[in-house]
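Residue numbers (this note's numbering): 131 to 651.
Note that the Cβ used here is the ideal one computed from N, Cα and C, for glycine as well.
In what follows, a single structure is set out as C-alpha cells and then discussed.
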C-alpha cells in the first residue's frame, strides 16, 4: 500500500520532536549514581579492561569507557550519546509499527494509508516526548536502560523484516542478513541490561500474534531462546557468588536484608499501577520515591492492584481473541501493546528484589508497547466517530503530544543542577533520608553551608545513629568557622563508627590547629 507520507518523514519529525525536548540538557551535570558508575569509576579509564568481553552490563560500561576515552569527563559528550540513543529508539519505535503493518495479520486490516501513518507517528512521538522518559535520557547512568532498548528494538525490527522476507523455502540472502543482525542485537541487548532477558519472549510474541503458521515455523525463535543464558552467566562472572546464579542475581540487585522477595513481589502490583498512572497522568514525577512496602496479599493496595492488573491482562487476551475472529487490526495492536508492557516490566517487577521498588526509568522500554496500544485505541475511537485519520492525527498532536512535550521539557529543568533535583525529591519525599543527604551535599558544594547544615540535621532526625552525617555536619561547621561544634560532630561520628578514617583524620587535623586533644568519647 502506498502511504500518504513516507516513513522517513515520520522518522525525521519524531527525531526533531525528541531533540527539541532534550537539547537543553546537554550541559547538565552528573547526578547521583553517575558519580559511582562514571566519574569515580577507575575501570573506565583503561579500555584494555574491557577485554575479554564478559561481565554484567558489559556493553553499557564499554560505552561509558569510550565516552571517557574521547572526551574525559566532559559531561556534554555523555549527554550527546544519550540523546542520540533516544532519538534512535524513537525512530525504531516508528519502524517497528510500520513493519508490523506489513505482516500477514495486519496487511489487509488497514486499507487507509493515513491510519497506518497516524498510528506509527503517534506511537513514536509519545515514546519520544513522554516526560516519564526523561529519567532514562537525562540521568546519564540510565543509558543502561536506553541502550538496551536500542538493541532490543533493533532486534525486533530486524526479526520482523527478516520474517517478511522468509518464504516456504526459508530466507533469502537479505532475510538471512536481517536475521543475523537481529540475533547479534539480541546478544548486545543481553550484555547491556538484564531487562533484555525478555527479548526472546517478545520475539515469540510477535511470531504468534502477527505471522500465520507461527507454530510450524517456531524454529525461527529458537536461536533467540538460546541467548537466555548470557545474562545469568555474565552476572555470575561479575559476582562473588559465581557458583550460585540466584545468589549472584540478588547480590547484583539488592542486599538481602533490604527487602525480602515476598515483600518485593507483593509491592510490585501497586508499583505497576503507579506506572500506569504515570503513563496517562505524569504528575509528581520523582527520582526517589518514598514508596510503601507491602507485606500481605490482603492489604487493599495489593488486592485492588492485582484485580486491576488481572483485568487489564484479560482484556489484552480478549482483544487478541477478538482480533482473530474479526480481523480487527486495532484490537490486535492494542493487545500487543498491553502484553508488551507487562512482558518488558516482568524482570524488574517480579520476585527478584531490587533495593528501590520503583524507578521511572524502568518504564522506558515498556512505554514502546504502551504507546502502540494507546495509538491504536485513539484511532479506533476516531474511526468509530467518523473522524478521518489525518484530522485525528492533528487533534492528537495538539491534545496529547504537545502537552507531553511541554511537560517533558519542564521535567528536564529539574535536572539542571544538584540543588534543583534534590529540592524536587525532598519536596515529594520529605521523610526519606536519601533526598536530604544529597540536597545537603549539593548545598555544601555550592557553598550554602547554612542550608547544608539544616539538611544534615534533618537526616539525623530520621537516622540518629548515622555517623557519616555527623562527619558531614562537622565539615559544614568547620567551613562556617565553628571549630568547637566541628570537633564535637567529628567525635560523635567516630563514636558511632570507630573505623571512620575520615573522621579520625578530621579530628586530628582540626585538633592540632586548635592545639587541643580531640574530645573522643
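Quick check on DSSP: helix, strand or coil for residue 459?
Residue 459: helix per DSSP, three-state reduction.
According to DSSP, is residue 663 helix, strand or coil?
Only positions 131 to 651 of the chain appear in the structure, and residue 663 is not among them; the question remains open.
Helix or strand or just coil, what does DSSP make of residue 548?
Three-state DSSP puts residue 548 in a helix.
From the DSSP output, in three-state form, read off residue 467 for me.
Helix.
Are the region 141-150 and the region 221-239 in contact at 8 Å, needing three or more beta carbon pairs?
Cβ pair count under 8 Å is three or more, so yes.
Taking a contact to mean a Cβ-Cβ separation below 9 Å, would you say residue 267 touches residue 152 in this structure?
It is a contact, given that the beta carbons lie within the stated cut-off.
Can you tell me whether residue 139 is buried or exposed, with buried defined as 16 or more other CB within 10 angstroms of its CB?
Burial call: exposed.
Measure the C-alpha to C-alpha separation of residue 301 and residue 295 and round it to an integer number of angstroms.
Rounded to the nearest angstrom, the two C-alpha atoms are 6 Å apart.
Have a look at residue 478 and residue 484 and give me their C-alpha separation to the nearest angstrom.
Each residue's alpha carbon lies about 8 Å from the other.
May I have the straight-line CA-CA distance separating residue 581 from residue 642, to the nearest angstrom?
About 28 Å.
Hey, which unbroken runs of the beta strand (DSSP E) at 3 residues or more fall wholly within the region 569-621?
Within the region 569-621, no complete beta strand (DSSP E) run reaches 3 residues.
Beta carbon of residue 604, beta carbon of residue 616: below 9 Å?
Yes, the pair counts as a contact, with Cβ atoms nearer than the cut-off.
Have a look at 450, 331, 465, 488 and flag the residue whose alpha-carbon is nearest the alpha-carbon of residue 398.
Residue 398 has its Cα closest to that of 488, out of 450, 331, 465, 488.
Determine, using beta carbons only, whether residue 473 and residue 505 come nearer to each other than 9 Å.
No, the pair does not count as a contact, with Cβ atoms beyond the cut-off.
To the nearest angstrom, report how far apart residue 531 and residue 178 are at their CA atoms.
If I take the Cα positions, the gap works out to 45 Å.
Along the chain, where does the alpha helix (DSSP H) that runs through residue 251 open and close?
That run of the alpha helix (DSSP H) goes 243-259.
For residue 618, collect the residues of the same chain with a Cβ closer than 6 Å to its Cβ; drop the 5 residues on either side in sequence, then sort them by chain order.
Same-chain partners within the cutoff: there are none.
Taking the beta carbon of residue 199 as the centre, do at least 16 other beta carbons fall within 10 Å, making it buried, or is it exposed?
Residue 199 is exposed by the Cβ-count criterion.
Thinking just about the alpha-carbon of each residue, which of 586, 495, 561 is nearest to the one in residue 258?
Here the closest residue by C-alpha is 495.
Using alpha carbons as the reference points, say which of 207, 197, 293 lies closest to residue 229.
Checked all of 207, 197, 293; the closest Cα to residue 229 is 293.
Residues in its own chain within less than 7 Å of residue 384 by CB, not counting five upstream and five downstream?
Because the pLDDT of residue 384 is 47, which lies under 50, any placement of that residue in the model is unreliable, and the number read from its coordinates should be weighed accordingly. The residues are 483, 484, 485.
Should residue 88 be labelled buried (16 or more other beta-carbon atoms within 10 Å of its own) or exposed?
Here the chain covers residues 131 to 651 and nothing more, so residue 88 does not appear.
Quick one: what's got a C-beta closer than 7 Å to residue 374's C-beta in the same chain, skipping five residues either side?
Its pLDDT being 44, under 50, residue 374 is placed unreliably in this model, and the value from its coordinates should be taken loosely. Result list for residue 374: empty, nothing under 7 Å.
Out of curiosity, what's the CA-to-CA distance linking residue 326 and residue 638?
If you take the alpha carbons of residue 326 and residue 638, they lie about 51 Å apart.
Taking 8 Å as the limit between beta carbons, can you name the residues of its chain near residue 317, skipping five residues before and five after?
Cβ within range, chain order: 357, 360.
Below 6 Å CB to CB, which residues in the same chain sit around residue 542 once its five sequence neighbours on both sides are set aside?
Counting only Cβ-Cβ distances below 6 Å, and skipping sequence neighbours, we find 155, 264, 268.
Run the CB neighbour count on residue 555, radius 10 Å, all protein chains shown included, and call it buried at 16 or more, exposed below.
Residue 555 comes out buried.
Residue 634 and residue 626: beta carbons closer than 9 Å?
Not in contact: residue 634 and residue 626 (Cβ atoms no closer than 9 Å).
With 16 as the cutoff for other CB atoms within 10 Å, does residue 644 come out buried or exposed?
So residue 644 ends up on the exposed side.
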